[in-house]
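S.K.: My questions will all concern the structure given below.
Protein chains: 2
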Amino acid sequence: MQALEGAEADENLAKLAKALGHPARVHILRMLSRKEARVCSQIVDELPLAQSTVSEHLRILKDAGLVRSTQDGPRVGYCINFDGLRRLKALVAII
Amino acid sequence: MQALEGAEADENLAKLAKALGHPARVHILRMLSRKEARVCSQIVDELPLAQSTVSEHLRILKDAGLVRSTQDGPRVGYCINFDGLRRLKALVAII
DNA sequence: ATATGCAATCGTTAATCGACGATAGAAAAT
DNA sequence: ATTTTCTATCGTCGATTAACGATTGCATAT
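Chains as they are written, first to last, in my numbering: chain A, 1433 to 1527; chain B, 1433 to 1527.
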């Protein structure tokens, strides 16, 4: 378990929160959380954004460790990174 | 109680998370949470930032509803806005 | 081998953010 | 009344972000 306090934890929480700091990314995360979507095109269909923009939002969520991409089968799939999400919840909970 | 789902909740969470999306602001929030500081100058002393920059971070936290300023007595004090913080925790918890 | 479909990356533009010093304002102390 | 102390605001600058269309890359299907 990583630290929940100190400068490193602050940076960690800031990075996670920053990734969450856009409505489209919150929406994407919720879709993935409820398994309403697994591939990029489904998310593009749902949001009023270009494919490239959605792809960029997914990259940001991946970079922050909130989302993982999987190649289960023929196509790239996305899913919640539960480790990252758990950590975010833990860090927020103790503020 | 406000909604925890839907577009409005997404925007709300994004706004709160964005405010939290900077290490200095996380640090400030933790200081206030632990009552290690109550006035701006104490925070300035603690952080390697100019007074104007700290003041701006405080403004962002206030705008997001995570911090309140109080004039209890002779001088302006800052404290956690527990309503906002509670809402953040609730919104994050259900992702 | 070629075509198709999906996602990532590139290049660009406008907008926003983060930081600072300087300045203003308000209250308390002298 | 003047000085001091503390915080907010202004103006500026460079860096980062958000968005898009266009292009590339990679599988699968034909």
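Every residue, glycine too, gets a C-beta built ideally from N, C-alpha and C.
Closer than 9 Å by beta-carbon distance: list the chain A residues that pair up with E1478/B, in chain order.
M.R.: The contacting residues do not exist; E1478/B stays about 12 Å from chain A at best.
S.K.: Three-state secondary structure (DSSP) at G1453/A?
M.R.: coil
S.K.: Quick one: using the 10 Å Cβ neighbour count with 16 as the cut-off for buried, is I1475/B buried or exposed?
M.R.: buried
S.K.: Within 8 Å, do at least three Cβ pairs link the stretch 1497 to 1504 of chain A to the stretch 1437 to 1444 of chain B?
M.R.: no
S.K.: Using a 10 Å radius around the Cβ and a threshold of 16 neighbouring Cβ atoms, would you call L1453/B buried or exposed?
M.R.: Sequence check: residue 1453/B is Gly here, not Leu. Classification of G1453/B: buried, given that the 10 Å Cβ count is 16 or more.
S.K.: Along the stretch 1455 to 1475 of chain A, where does the CB come closer than 9 Å to a CB of chain B? Name the residues.
M.R.: P1455, A1456, R1457, V1458, H1459, L1461, R1462 and S1465
S.K.: Is V1524/A close to chain B, meaning its C-beta is less than 8 Å from at least one C-beta of that chain?
M.R.: yes
S.K.: Going by DSSP, what residue range makes up the alpha helix (DSSP H) through R1500/B?
M.R.: That residue, R1500/B, is in no alpha helix (DSSP H); its beta strand (DSSP E) goes V1499 to T1502.
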